[in-house]
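Chains as they are written, first to last, in the working numbering: chain A, 1 to 578; chain B, 579 to 653. Structure first, then comments.
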Amino acid sequence: MFGWIGRIAMVDLTERKAEFAPLSREFLREYLGGRGFGVKFLYDLLKPGVDPLSPENILVFAAGPLTGTSCPTSGRFAAVSKSPLTGTMFDSNSGGNFGPELKFAGIDGLVISGRAEEPVYIEIHNGKISIREGKHLWGKNTREVTAELSKFGKVACIGKAGEKGVRFANIMNDYTHTCGRGGLGTVMGSKNLKAIVVKGKDKVPIFDAGRYEKYFQDIIRLIVASPVSSKGLREYGTAVLVNLINYMRIFPTGNFRFSRFDFAEEISGEKINSSFSIRKAPCYVCPIACKREVRDTRMEIPEYETISMFGASCRISNIRTIMEANRLCNDYGMDTITAGSTIACLSELNGKQLTDEELVKLVELIGERRGIGHELSEGSMRYARAHKRPYISMQVKGLELPGYDPRGVLGLALGYATSNRGGCHLRAYMIGPEIFGKPKLVNRLTFSGKSGLVQVIQNLFTAVDSLVVCKFALFSVGEEEWANILSAVTGVDFVSESLLEIGERVWNIERLFNLKEKFSSRDDTLPERFFQEDGGVDGRNINKDDFLASLLEYYRFRGWDSNGIPTEEKLQQLNIQR
Amino acid sequence: MKVNVRLFASIRKYSDKRNLEIDIQEHSTVGDLLSKLGIPQNEPLLVIVNEYTQRKNTLLKEGDTISIFPIIAGG
Chain A
1 MFGWIGRIAM VDLTERKAEF APLSREFLRE YLGGRGFGVK FLYDLLKPGV
51 DPLSPENILV FAAGPLTGTS CPTSGRFAAV SKSPLTGTMF DSNSGGNFGP
101 ELKFAGIDGL VISGRAEEPV YIEIHNGKIS IREGKHLWGK NTREVTAELS
151 KFGKVACIGK AGEKGVRFAN IMNDYTHTCG RGGLGTVMGS KNLKAIVVKG
201 KDKVPIFDAG RYEKYFQDII RLIVASPVSS KGLREYGTAV LVNLINYMRI
251 FPTGNFRFSR FDFAEEISGE KINSSFSIRK APCYVCPIAC KREVRDTRME
301 IPEYETISMF GASCRISNIR TIMEANRLCN DYGMDTITAG STIACLSELN
351 GKQLTDEELV KLVELIGERR GIGHELSEGS MRYARAHKRP YISMQVKGLE
401 LPGYDPRGVL GLALGYATSN RGGCHLRAYM IGPEIFGKPK LVNRLTFSGK
451 SGLVQVIQNL FTAVDSLVVC KFALFSVGEE EWANILSAVT GVDFVSESLL
501 EIGERVWNIE RLFNLKEKFS SRDDTLPERF FQEDGGVDGR NINKDDFLAS
551 LLEYYRFRGW DSNGIPTEEK LQQLNIQR
Chain B
579 MKVNVRLFAS IRKYSDKRNL EIDIQEHSTV GDLLSKLGIP QNEPLLVIVN
629 EYTQRKNTLL KEGDTISIFP IIAGG
């Protein structure tokens, strides 16, 4: 087999046993890897209604067919489970070096079920899997655990947040790379699984080395030629967005009550570059190298989303405070968007501006799940509901919204509402066409033409999450180039359309999973604030009738009925059993 | 006519100031403004006029605010 290894490790932590299962060619062709693998396994294996933190839940780790090759930005893997934050199907993917090592060790991924009686970690070494005693690692944060296990291989682990049941705990790999957002680290903690360490020496076999080299060079050329991937992200990281998004009046401020922050310059990418000596810390085989750290201390530079939530949304204007909150989140292993947004929710609830010291303390209390941190560790939806103010939680399907106010980008508003994993910008990054003009500029203040565009981009991003390659490469590399190199690696013929069809298949399975979990079209909506308030820009509140019309049109484009349920015809076309 | 200009990220190298008020002829375009600022034609840019992304042939009017960024993206 080429590209894929063709086998996955099935690990039962209750029984403390692991065995390998072969993956059929049909399965590989239809689901590719990463998100596609995980979603299909969960859909087939998980009964509806299972508590995400019970032993019955399943946690999948999966690399893709390109992972472990030299294909630019392909050093990624996905983790997929049922989310304890949202109750939806939930995937998240991460860079670093852990993903390729899975392939070098002789597996495409792991399907983990059950719960160990006591803390354990999984060691995978050249095709051998061991479940090892992990009590000595319990109670430690991710930096310490990674340092301790790194002598055995590449490490993915949880910190105290995952152990203690913070609903938005992350899985951290290679120190600061993250499977973030929906609490996949919480699922890992509920299984008493502290870490996975992997080491291998195999190479990923490539079907046609000559064609591969040609397509590899095509992709490199496109990345180098694009100012986005060769300059913008390299020089400033994602923090460069702060001033732009603020200027466009879509910078969530004070828990989305306002859309412009007066102190944006103080927390901007420009400010970071002028304040610190910075070095790049790229992922495996990535020429973009957006990830950066402070040269002397190796302290990680926060991403745009983190800055927007801990900064403007909590109205904190000191970049060093935001960096400390970010560092704590990474060490405890928890999501910065949800942590920041939940703290912003608390600030609105109390009607009180937080000091820098209070913000940092709250992050620590959440990680420890102590004092008020216990309540906040449930995420903003549960926190706001408990205080009888559900409308001040800025979430969709339980997942806190990222750093773009949807009132000023209506395609993104529809993208947020229809996202299968809840409020997320990475299902369809409509900021591309609506703000950057990539691939083509569209009017950001109308729903017209958005429903078709949103579903196409959702399908494309789902395919990209299944390959698994980095979405930043999509600013310069199109689906045709990915299909070409995928064909050269695997020996299976793919074209652009087949990639989009895979994306559509996986998207529809996610939808079916969520419907079985009692989600419905009522959940395809936005926080009421966006329909009622204007965010400080006269008349910019979203017209609900326009939104609902656009949602219905989106369902039609998807081949779903008016209740958002996939039709039999659509499922047959995609070869999906209901 | 007068327009307000704001420069960001690597585009700040073209001026000592981040915020400028520029006197420019009536019926000038974004491209004319870029020339006046000494920004090379081949510099990849994202130009926002009054909160809307615009092209180089967009006509400017009195009081416009023009924000100039390098081509950036992220998420």
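Ideal placement from N, C-alpha and C gives every residue a C-beta, glycine not left out. Only a predicted model underlies this, so the values are computations on that prediction, with no experimental measurement involved.
Based on the DSSP secondary-structure assignment, which residues constitute the bridge partners of residue i?
{"i": "A/Gln395", "result": "A/Glu400"}
{"i": "A/Ile112", "result": "A/Val11 and A/Leu59"}
{"i": "B/Tyr630", "result": "B/Val627"}
{"i": "A/Phe77", "result": "A/Ser94"}
{"i": "A/Met248", "result": "Paired residue(s): none; A/Met248 is not in a bridge."}
{"i": "A/Ile196", "result": "A/Ile122 and A/Ala156"}
{"i": "B/Thr643", "result": "B/Asn582"}
{"i": "B/Thr607", "result": "B/Leu637"}
{"i": "A/Asn173", "result": "A/Ala156 and A/His177"}
{"i": "A/Met130", "result": "Correcting the residue identity first, residue 130 of chain A is Ser in this sequence and not Met. Partner(s): A/Glu123."}
{"i": "A/Val580", "result": "Outside the shown range of chain A, which is 1 to 578, sits residue 580 of chain A, and nothing can be said about it."}
{"i": "A/Met334", "result": "A/Ala169"}
{"i": "A/Ala21", "result": "A/Ile8"}
{"i": "A/Lys280", "result": "A/Arg292"}
{"i": "B/Asn597", "result": "B/Arg584"}
{"i": "A/Pro566", "result": "A/Trp560"}
{"i": "A/Thr253", "result": "A/Phe258"}
{"i": "A/Met89", "result": "A/Lys82"}
Determine the closest residue to residue i out of the options, with distance taken between C-alpha atoms.
{"i": "A/Ile439", "options": "A/Leu426, A/Val477, A/Tyr212 and A/Leu445", "result": "The sequence shown places Pro at residue 439 of chain A, rather than the Ile named in the question. Taking only the C-alpha atoms, the option nearest A/Pro439 is A/Val477."}
{"i": "A/Thr142", "options": "A/Ala105, A/Lys194 and A/Arg132", "result": "A/Lys194"}
{"i": "A/Ile431", "options": "A/Gly423, A/Val442 and A/Gly422", "result": "A/Val442"}
{"i": "A/Leu23", "options": "A/Phe2, A/Thr567 and A/Asp12", "result": "A/Phe2"}
{"i": "A/Gly127", "options": "A/Ile319, A/Gly367, A/Trp138 and A/Val197", "result": "A/Val197"}
{"i": "A/Phe251", "options": "A/His387, A/Gly403 and A/Gly200", "result": "A/Gly403"}
{"i": "A/Lys214", "options": "A/Asp545, A/Glu133, A/Ser487 and A/Gly559", "result": "A/Ser487"}
{"i": "A/Phe98", "options": "A/Val120, A/Asp174, A/Lys140 and A/His136", "result": "A/Asp174"}
{"i": "A/Asp534", "options": "A/Asp405, A/Phe513, A/Asp262 and A/Asp545", "result": "A/Asp405"}
{"i": "A/Gly449", "options": "A/Val492, A/Ser377 and A/Tyr554", "result": "A/Tyr554"}
{"i": "A/Leu354", "options": "A/Asn318, A/Asp108 and A/Arg369", "result": "A/Asn318"}
{"i": "A/Ala428", "options": "A/Thr446, A/Glu123, A/Phe472 and A/Ser393", "result": "A/Phe472"}
{"i": "A/Asp356", "options": "A/Ala325, A/Glu348 and A/Glu144", "result": "A/Ala325"}
{"i": "A/Leu414", "options": "A/Asp523, A/Trp4, A/Ser393 and A/Glu517", "result": "A/Asp523"}
{"i": "A/Phe475", "options": "A/Asp12, A/Pro433, A/Leu548 and A/Ile485", "result": "A/Pro433"}
Is it buried or exposed, residue i, if we count other Cβ atoms within 10 angstroms and call 16 or more buried?
{"i": "A/Asp335", "result": "buried"}
{"i": "B/Asn620", "result": "exposed"}
{"i": "A/Asp538", "result": "exposed"}
{"i": "B/Gln632", "result": "buried"}
{"i": "A/Lys164", "result": "buried"}
{"i": "A/Pro48", "result": "exposed"}
{"i": "A/Leu184", "result": "buried"}
{"i": "A/Gly95", "result": "buried"}
{"i": "A/Arg167", "result": "buried"}
{"i": "A/Arg589", "result": "The question about residue 589 of chain A has no answer here: the residues shown for chain A are numbered 1 through 578."}
{"i": "A/Asn273", "result": "buried"}
{"i": "A/Gly134", "result": "buried"}
{"i": "A/Gly452", "result": "exposed"}
{"i": "A/Glu270", "result": "buried"}
{"i": "A/Ala386", "result": "exposed"}
{"i": "A/Gln455", "result": "buried"}
{"i": "A/Glu123", "result": "buried"}
On the premise that residue j lies in contact with residue i, defined as a C-beta separation below 8 Å, what is that separation, rounded to the nearest angstrom?
{"i": "A/Ser496", "j": "A/Glu480", "result": "5 Å"}
{"i": "B/Ser645", "j": "B/Ile626", "result": "4 Å"}
{"i": "A/Ala339", "j": "A/Val360", "result": "About 11 Å; that fails the 8 Å criterion."}
{"i": "A/Leu244", "j": "B/Phe586", "result": "7 Å"}
{"i": "A/Ile322", "j": "A/Thr342", "result": "Incorrect: roughly 16 Å between the Cβ atoms, too far for contact."}
{"i": "B/Arg521", "j": "B/Thr643", "result": "Past the edges of chain B, shown from 579 to 653, lies residue 521 of chain B, and the structure says nothing about it."}
{"i": "A/Val489", "j": "A/Thr176", "result": "With 8 Å as the limit, A/Val489 and A/Thr176 do not qualify as a contact, their Cβ atoms being about 28 Å apart."}
{"i": "A/Leu579", "j": "A/Ile576", "result": "There is simply no residue 579 of chain A to check, as chain A begins at 1 and stops at 578 in what is shown."}
{"i": "A/Tyr383", "j": "A/Cys345", "result": "6 Å"}
{"i": "A/Tyr31", "j": "A/Phe37", "result": "6 Å"}
Practice item. Flag this pair as touching only if the segment 57-69 of chain A and the segment 468-478 of chain A have three or more C-beta atom pairs under 8 Å; answer yes or no. Key: yes
Check your understanding: Are the segment 226-244 of chain A and the segment 277-293 of chain A touching by the rule of at least three beta carbon pairs closer than 8 Å?
Key -> yes
Point to revise | Meets three-Cβ-pair contact criterion under 8 Å: the segment 73-89 of chain A and the segment 52-59 of chain A | key: yes
Practice item. Please confirm if the segment 150-158 of chain A is in contact with the segment 363-377 of chain A, defined as three or more CB-CB distances below 8 Å between the two stretches. Key: no
Review point. Can you find at least 3 beta carbon pairs, one from the segment 67-74 of chain A and one from the segment 115-130 of chain A, that sit closer than 8 Å?
Key: no
Review point. Does the pairing of the segment 402-409 of chain A with the segment 365-384 of chain A give three or more beta-carbon distances under 8 Å?
Key: no
Review point. Touch check for the segment 504-521 of chain A and the segment 454-466 of chain A: three-plus C-beta pairs under 8 Å?
Key: yes
Check your understanding: Would you call the segment 419-436 of chain A and the segment 391-403 of chain A touching, i.e. three or more CB-CB distances under 8 Å?
Key -> yes
Exercise for review: Take every Cβ of the segment 606-617 of chain B, pair it with every Cβ of the segment 522-534 of chain A, and state whether three or more of those distances are shorter than 8 Å.
Suggested key: no
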